[in-house]
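Listed in order, the protein sequences are those of chains A and F. 357 is the number that our numbering gives to position 177 of the first sequence; each next residue is one higher, with no gaps. 403 is the number that our numbering gives to position 223 of the second sequence; each next residue is one higher, with no gaps. So the structure is just underneath, and the comments pick up after that.
Protein chains: 2
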Amino acid sequence: MMMTYPKDVVVEEQGLRDGLQSEKTIVPTEKKLELIKAVVEAGVKRVQVASFVHPKLIPQMADAEEVCKRLPQVNGVLFSGFVLNTKGIERAAKAGLTHVAASISASDTHSRKNANASREEAEKRFAEMVKVGKEHGLTIRSGLQCVFGCRFEGKIDSKVVLDMVKKQLDLGIDEVALADSTGMANPRSIQEISTKAVELAGDRHVFLHLHDTEGKGLANVLAALAVGITHFDTAFGGMGGCPFIKGASGNISTEDLVFMLRQMGIETGIDVGRLSAVSRSLEDFFGKRFSGKMHRVMERDDIKIVY
Amino acid sequence: MMMTYPKDVVVEEQGLRDGLQSEKTIVPTEKKLELIKAVVEAGVKRVQVASFVHPKLIPQMADAEEVCKRLPQVNGVLFSGFVLNTKGIERAAKAGLTHVAASISASDTHSRKNANASREEAEKRFAEMVKVGKEHGLTIRSGLQCVFGCRFEGKIDSKVVLDMVKKQLDLGIDEVALADSTGMANPRSIQEISTKAVELAGDRHVFLHLHDTEGKGLANVLAALAVGITHFDTAFGGMGGCPFIKGASGNISTEDLVFMLRQMGIETGIDVGRLSAVSRSLEDFFGKRFSGKMHRVMERDDIKIVY
Chain A
181 MMMTYPKDVV VEEQGLRDGL QSEKTIVPTE KKLELIKAVV EAGVKRVQVA
231 SFVHPKLIPQ MADAEEVCKR LPQVNGVLFS GFVLNTKGIE RAAKAGLTHV
281 AASISASDTH SRKNANASRE EAEKRFAEMV KVGKEHGLTI RSGLQCVFGC
331 RFEGKIDSKV VLDMVKKQLD LGIDEVALAD STGMANPRSI QEISTKAVEL
381 AGDRHVFLHL HDTEGKGLAN VLAALAVGIT HFDTAFGGMG GCPFIKGASG
431 NISTEDLVFM LRQMGIETGI DVGRLSAVSR SLEDFFGKRF SGKMHRVMER
481 DDIKIVY
Chain F
181 MMMTYPKDVV VEEQGLRDGL QSEKTIVPTE KKLELIKAVV EAGVKRVQVA
231 SFVHPKLIPQ MADAEEVCKR LPQVNGVLFS GFVLNTKGIE RAAKAGLTHV
281 AASISASDTH SRKNANASRE EAEKRFAEMV KVGKEHGLTI RSGLQCVFGC
331 RFEGKIDSKV VLDMVKKQLD LGIDEVALAD STGMANPRSI QEISTKAVEL
381 AGDRHVFLHL HDTEGKGLAN VLAALAVGIT HFDTAFGGMG GCPFIKGASG
431 NISTEDLVFM LRQMGIETGI DVGRLSAVSR SLEDFFGKRF SGKMHRVMER
481 DDIKIVY
C-alpha cells in the first residue's frame, strides 16, 4: 500500500540540550549563543536551549540562566527549557522563558534511578510542576521518557504510558512528547502508541523524541508520519548519547530528518546546508565526528545531491 | 494509516563482496571461508561470496575461484557471485557457482566511468551475459545500479529504469535487484519505482540493494515493505562504502535490518547475536568500527534488549 504523508513537519532542535549535555568539554556561553543564532538562521522555529537541572549533575548546563537571558528575539521562534522539578520551572520562568518541557519517566526503575522517585511519586511532582508552570504563565510540554522501552525494565506496558499521557493532558499541559530515550522503538510500536496518543491529545500536538541507538530512527519517523505525527525532536549532526549505551549514537539527526522529508516533498523550513555547517563546526570544536550522515554528505562539492 | 507488513523477509548477505571490496587490507581466503561458515550458521540463506572482476581492479576479490571451490555444502543456502561481463560469468560457472548477480548501471555516465561503456552498449553486453549464463545453466539476478540517483547525473529517469527492468525480464533473468548504490533513494521514490518493478516482475522476486549513505536505509526498507518488497541485500555491520562519498557508510546493516524486522514480527531466520559477533570480529581484524548500530548494542550484557 502506498503511504500518505503530511505536507509540513515541525522540528524542535535539541542539540543545545540533549546533544551538548553528554559532552564533557564545556561549551562557552558565547559559543552556545552563536549556535542558537545559527540554527535559527537556518530556519529552525523551535529550539530547546538549556536544561534547568542542578549544575553539579550536568555542568554543561550550568549557564542555563545566562543563555536564556541573552537569547535573540526572533518572531515566530519558540525557545524551550528542559525541567525535571518545580525548582527548574521557577528558574526557567525567572530566566525569561515562556515555554518548558517537563520530563517524567514511564519506567518506574528509570524514574527511581534518574529522578530518585517512584513513578507514582514522580507523577505527583509532575502535577506540581504543571501547577507552578501555569502560575508563571508558561506553556508546558510534557516529556515522557522510556515510552518504547527501558534498558533496566525492558518493555514498558503501553497501557501505563497512555494512562500517564491522559493524566498529563487532564492536568492541562499544552503539548505531549513521547520519548524513545533508548532507541528501542520500532515502526510497529511507534504506530500503535502514537495512534492512541494522538486520539487522546485531540488538537494538542504530540511530538516524538527519537534516538537512533538501534538504527531505526528515520524508519520510526516514517511510521509516525503515516499515523499523523507531524512534530519531531532532533539534534544537529545526530548528537547526543544514551548514557546506558556507550558508543551508541544519540538523537535522530536534524539534517538527516529534514533532508529525507524534503526529498519526500514535506516542508520543514530548515536549510540542510546551513545546519550541516553548524554540525561540522561543532565537530571541529569537540574534535570528533557525530553519527549523523547528511552533514557529512553536504560538505562534498564534487557530487550531485538530489532533493 | 496503519501499515501492513509481510510475515517473512529474505536477506542476502553481501558483506563478503560489497563490504570487503572497499577494504585495502586483504582478507585471507581462510578467513573469508570462516566468515561464510559463520554467517550461514547464523541463519543466512543467501550469501554473495565473491566478485569475478579483474583482480587488478579489486585485489580483495582475487581469490574468487578459491573461495567458491571451497564453499561449504549446505542445503537451502544459495551462494552468489557478482559479475560485470561474460568473462566473469564463465569464471563463476567454472568455479562451481549456480547463481550470479549480473550488474549494469541505470546511469549512462556511471556506466561509462565504471564499465567503460555507454548504457546502450552495456545493455548489449548484459544480453550477452544472460545468454552465456543460461548456456552454463546458471540462475541469474540482474543488478541495476544507480536506480534512485547517480552522483554524476543526479536523478535518473524512472522510465529509463523501468524500461531496463522490462528488457532484462524479457531476456529471461530469474530475479531483479534495484540498487540504490549511492544512498540517494527516499521512501517516496522507493515506493514509486518498486511498485512498478514488482508489477513488471510478476512472480519473479524484486530485491532492493540499499546503502545508508544519507541515513535513510531502514526508512527505505519500511517504505518498500509497505508495497510488497520482501527481498533485501545487506552487509554485516553496515560494511562497505560508496566510492564517491568518502567517509560515508555502506550497505544497510544486516543486524540492524534483521533486528528491526524481528521487533516488528517479521521473520528472517537470522540470529542477530551470532551475526553481530561476526561483525565485531571483522572490526577487530580491520582495526576499525563499522557504521551499523546493532552489533554494537549486542555486545552489551548489562542492558535489556527487547525483541
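Cβ coordinates follow ideal geometry from the N, Cα and C atoms, glycine included. All values reported here derive from a predicted model rather than from experimental measurement.
Whether residue i touches residue j by CB criterion (7 Å)
i, j, result
"leucine 388 of chain F", "leucine 358 of chain F", "yes"
"alanine 273 of chain F", "leucine 324 of chain F", "no"
"isoleucine 450 of chain F", "alanine 222 of chain F", "yes"
"alanine 415 of chain A", "glycine 199 of chain A", "yes"
"glycine 395 of chain A", "glycine 472 of chain A", "no"
"glycine 408 of chain F", "glycine 421 of chain F", "no"
"glycine 268 of chain F", "phenylalanine 306 of chain F", "no"
"alanine 403 of chain F", "isoleucine 353 of chain F", "no"
"alanine 302 of chain A", "isoleucine 284 of chain A", "yes"
"valine 257 of chain F", "threonine 448 of chain F", "no"
"methionine 474 of chain F", "glycine 453 of chain F", "no"
"valine 229 of chain A", "isoleucine 238 of chain A", "no"
"alanine 377 of chain F", "valine 340 of chain F", "no"
"glutamate 355 of chain F", "histidine 316 of chain F", "no"
"arginine 197 of chain F", "phenylalanine 262 of chain F", "yes"
Partner residues on chain A for residue i, Cβ-Cβ distance less than 8 Å
i, result
"glutamine 194 of chain F", "Here the premise fails: no neighbours, minimum Cβ distance about 17 Å."
"threonine 278 of chain F", "In chain order: nothing, as chain A lies at least about 33 Å away."
"valine 386 of chain F", "In chain order: nothing, as chain A lies at least about 16 Å away."
Within chain A, partners of residue i - CB distance below 7 Å
i, result
"threonine 184 of chain F", "Met181"
Bridge-paired residues (DSSP) for residue i
i, result
"aspartate 413 of chain A", "A/Glu192 and A/His389"
"aspartate 436 of chain A", "Paired residues: none, contrary to the question."
"lysine 280 of chain A", "It is worth fixing the name first, because residue 280 of chain A is valine in this sequence and not lysine. According to DSSP, which records beta bridges pairwise, valine 280 of chain A is partnered with A/Gly261 and A/Ile320."
"glutamate 123 of chain F", "Residue 123 of chain F falls outside the range modelled here, since chain F spans only 181 to 487, and no answer is possible."
"glutamate 355 of chain F", "F/Arg321"
"valine 327 of chain A", "DSSP lists no partner for valine 327 of chain A."
"alanine 222 of chain F", "Partner(s): none; alanine 222 of chain F has no beta bridge."
"valine 227 of chain F", "F/Glu193 and F/Phe259"
Where residue i sits in the DSSP three-state scheme
i, result
"asparagine 265 of chain F", "coil"
"aspartate 337 of chain F", "coil"
"threonine 289 of chain A", "helix"
"arginine 250 of chain F", "coil"
"aspartate 360 of chain F", "strand"
"arginine 305 of chain F", "helix"
"glycine 427 of chain A", "Here the model assigns glycine 427 of chain A a pLDDT of 48, short of 50, so the residue's position is not dependable and the matter cannot be decided."
"serine 374 of chain F", "helix"
"alanine 244 of chain F", "helix"
"serine 459 of chain A", "helix"
"glutamate 300 of chain A", "helix"
"glutamate 270 of chain F", "helix"
"serine 447 of chain F", "Checking the sequence shown, residue 447 of chain F turns out to be glutamate, not serine. It is a strand residue."
"lysine 554 of chain F", "A question about residue 554 of chain F goes unanswered here, because the residues of chain F that appear run from 181 up to 487."
"arginine 476 of chain F", "helix"
"arginine 469 of chain F", "coil"
"methionine 235 of chain A", "First, the amino acid is wrong: residue 235 of chain A is proline here, not methionine. Note: proline 235 of chain A maps to coil in three-state DSSP."
"lysine 187 of chain A", "coil"
"asparagine 366 of chain F", "coil"
"alanine 399 of chain A", "helix"
"glutamate 315 of chain A", "helix"
"threonine 205 of chain F", "coil"
"valine 310 of chain F", "helix"
"glycine 408 of chain A", "coil"
"valine 486 of chain A", "coil"
Partners in chain F for residue i, counting only beta-carbon separations shorter than 9 Å
i, result
"lysine 346 of chain A", "Here the premise fails: no neighbours, minimum Cβ distance about 21 Å."
Under 8 Å from the C-beta of residue i: neighbouring residues of chain F
i, result
"glutamate 394 of chain A", "Asp436, Phe439, Met440, Lys473, Met474 and Val477"
Per-residue contacts from residue i into chain B (C-beta, under 9 Å)
i, result
"leucine 462 of chain A", "In the displayed structure, chain B is absent; the protein chains listed are A and F."
Chain F contact residues for residue i, given Cβ-Cβ distances below 7 Å
i, result
"valine 486 of chain A", "Gly329, Gly334, Lys335 and Met364"
Using a Cβ cut-off of 8 Å, which residues of the segment 308–340 of chain F contact any Cβ in chain A, in chain order? So the close ones are Gly329, Cys330, Arg331, Phe332, Glu333, Gly334 and Lys335.
For the segment 350–371 of chain F, list every residue whose C-beta sits within 9 Å of some C-beta in chain A, in sequence order. So the list reads Thr362, Gly363, Met364, Ala365, Asn366, Pro367, Arg368, Ser369 and Gln371, given in the order they occur along the chain.
For the segment 398–415 of chain A, which residues have a beta carbon sitting closer than 8 Å to at least one beta carbon of chain F? The segment 398–415 of chain A vs chain F, Cβ under 8 Å: Leu398, Ala399, Val401, Leu402, Ala403, Ala406 and Val407.
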